[in-house]
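Okay, so here's the structure we're looking at.
Residue numbers (the numbering used here): 95 to 419.
Here it is as structure tokens:
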């Protein structure tokens, strides 16, 4: 170990300092739920919020359409049960029951049907489409030529489609019955006992006002049931999309929070913390080396002795002798 190396205590002090510094940085970068909200600004934010509110208000629009349709459904059911001689209380119960059963069934069953569709998509199950090959195979199974498929391979047959079709047919028929009364009464005044075929034939030569009124009535007949049925599917689909988006955002937030907690517990194990620790250790070691070099005294300059020069005295005969010899 070199005298310039940091001691264990010094290294631990550096680690503690870097750990505190990293945790301060992590506190500034701690995930917040507000960060995961839509970051769209300006006109984009207005459009996004408008679309979200439009999806959220769709059930209310469907409710208004169902209320408009329920008026005619109540009237139709009331006339049917009144003509049958039912008690007024029974007529009221039947009218309310038919209205709730038909109008609400379209919306609620559409929600359930869309929910089933999304579940099958999430499970990755293949679609089952009616085809001639499927019909022939069903006949072969009934005859005994082929074995039936397993239950897990059978198409979902909850019966919701049949109930929806019956409810839709009743809603359309009830709306048609009450909506066409004004035109029927006007045309029946000139032709009593008019059949349906004669009614349709008469419309082709009827005045333009009656023809336009018929078109408007047909649209009014179809709009509430179609709105309830389509609205149920849209509400379920949009609700699933909003729920999936919220779940994805929440999952991303939980994942980032988990990473943040792991980094907070061991900040020096992160890439940033390890790099910061390396730089700080290097800086401390360089500073220690510089202090040691400053504390060492400079070596004294070497003193060279002055050489002594011996001079020789010569006599007259050429022989010389040294003084003091």
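We put the CB at the ideal spot given by N, CA and C, even for glycine.
Check, Outcome
"Among 180, 339, 239 and 332, which residue has its Cα nearest to the Cα of residue 208?", "332"
"Tell me whether residue 406 sits in a helix, a strand or coil according to DSSP, three-state version.", "Low confidence applies here, because residue 406 scores a pLDDT of 48, under 50, leaving its location unreliable; read the following figure in that light. Reduced to three states, the DSSP call for residue 406 is strand."
"For residue 190, which residues in the same chain have their Cβ closer than 8 Å to its Cβ, ignoring the five residues on either side in sequence?", "168"
"Exposed or buried, what is residue 134 when buried is set at 16 or more other beta-carbons lying within 10 Å of its beta-carbon?", "Here the model assigns residue 134 a pLDDT of 48, short of 50, so the residue's position is not dependable and the matter cannot be decided."
"Does DSSP put residue 125 in a helix, in a strand, or in coil?", "coil"
"Would you say residue 159 and residue 301 are within 7 Å of each other, going by their C-beta atoms?", "no"
"Which of the three DSSP states, helix, strand or coil, is assigned to residue 243?", "coil"
"Taking only the alpha-carbon atoms, compute the straight-line gap between residue 290 and residue 172 and give it to the nearest angstrom.", "23 Å"
"State buried or exposed for residue 335, treating a residue as buried only when at least 16 other CB atoms are found within 10 Å of its CB.", "exposed"
"Is residue 286 helix, strand or coil when you go by DSSP?", "coil"
"With the cut-off set at 7 Å, would you say residue 175 and residue 162 are in Cβ contact?", "no"
"Can you tell me which of 97, 157, 112 and 101 puts its alpha carbon nearest to the alpha carbon of residue 372?", "112"
"Which residue marks the beginning of the alpha helix (DSSP H) containing residue 272, and which one marks its end?", "254-273"
"Quick one, are the C-beta atoms of residue 374 and residue 108 less than 7 Å apart?", "yes"
"Output yes or no for whether 7 Å exceeds the beta carbon distance between residue 281 and residue 296.", "yes"
"Check residue 134 in the structure and name its three-state DSSP category.", "Residue placement at residue 134 cannot be trusted, given a pLDDT of 48 that sits under 50; what the coordinates show is reported in the next sentence. Of the three classes helix, strand and coil, the one that applies to residue 134 here is coil, per DSSP."
"For the 8 Å Cβ check, are there 3 or more pairs between the stretch 253-271 and the stretch 312-328?", "yes"
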